Amino acid sequence: MSAAAGREVRYPFITNGAVLVWSIPFRGDEPGDAIEVTYSPQGADSWHGFISGGGWLNRMLQPAELDEALKPYELRDTRGKSFR
Numbered sequence: 903m904s905a906a907a908g909r910e911v912r913y914p915f916i917t918n919g920a921v922l923v924w925s926i927p928f929r930g931d932e933p934g935d936a937i938e939v940t941y942s943p944q945g946a947d948s949w950h951g952f953i954s955g956g957g958w959l960n961r962m963l964q965p966a967e968l969d970e971a972l973k974p975y976e977l978r979d980t981r982g983k984s985f986r
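Reminder that position 77 of the sequence shown reads as 979 in my numbering, one-by-one numbering, no gaps.
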């Protein structure tokens, strides 16, 4: 499978049953900041994004912010299935 329209493929760094967590770069004020994206199919709201820095979760992203942050990325599971 190739990434759609030149999007960068990202694989999860945590897999816990059906819950998957990806880390994507975030260009915030501090070097090493990231957006941690969590997919949990059990909840009514399956997708969550948090800006983290220095090992701490700093802020939860609103759905529109998460959509915008994920535009350059294709999120896949460890078997290559595309989720977003």
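We put the beta carbon where it would ideally sit given N, CA and C, even for glycine. Since the structure is predicted, the reported quantities are computational estimates derived from the model, not experimental observations.
Classification of residue i by the beta-carbon crowding that lies within 10 angstroms, buried from 16 upward
i    : result
I937 : buried
L959 : exposed
G951 : buried
DSSP beta-bridge partners of residue i
i    : result
L922 : T917, Y941
P927 : A936
R961 : I953
R912 : L977
S984 : R978
Cutoff 8 Å: residue i Cβ touching any chain B Cβ
i    : result
L922 : No chain B is present in this structure, which holds just one protein chain.
8 Å CB neighbourhood of residue i in its chain, flanking five on each side removed
i    : result
E910 : P974, Y975, E976
Close Cβ partners of residue i (< 7 Å) along its chain, the five nearest in sequence each way excluded
i    : result
P927 : A936
Cutoff 6 Å; reference residue i; Cβ partners in own chain excluding five residues on either side
i    : result
W924 : R912, P914, V939, L977
Quick one: any contact between the region 913-922 and the region 945-953, if contact means 3 or more CB pairs under 8 Å? Counting Cβ pairs under 8 Å, fewer than three are found: no touch.
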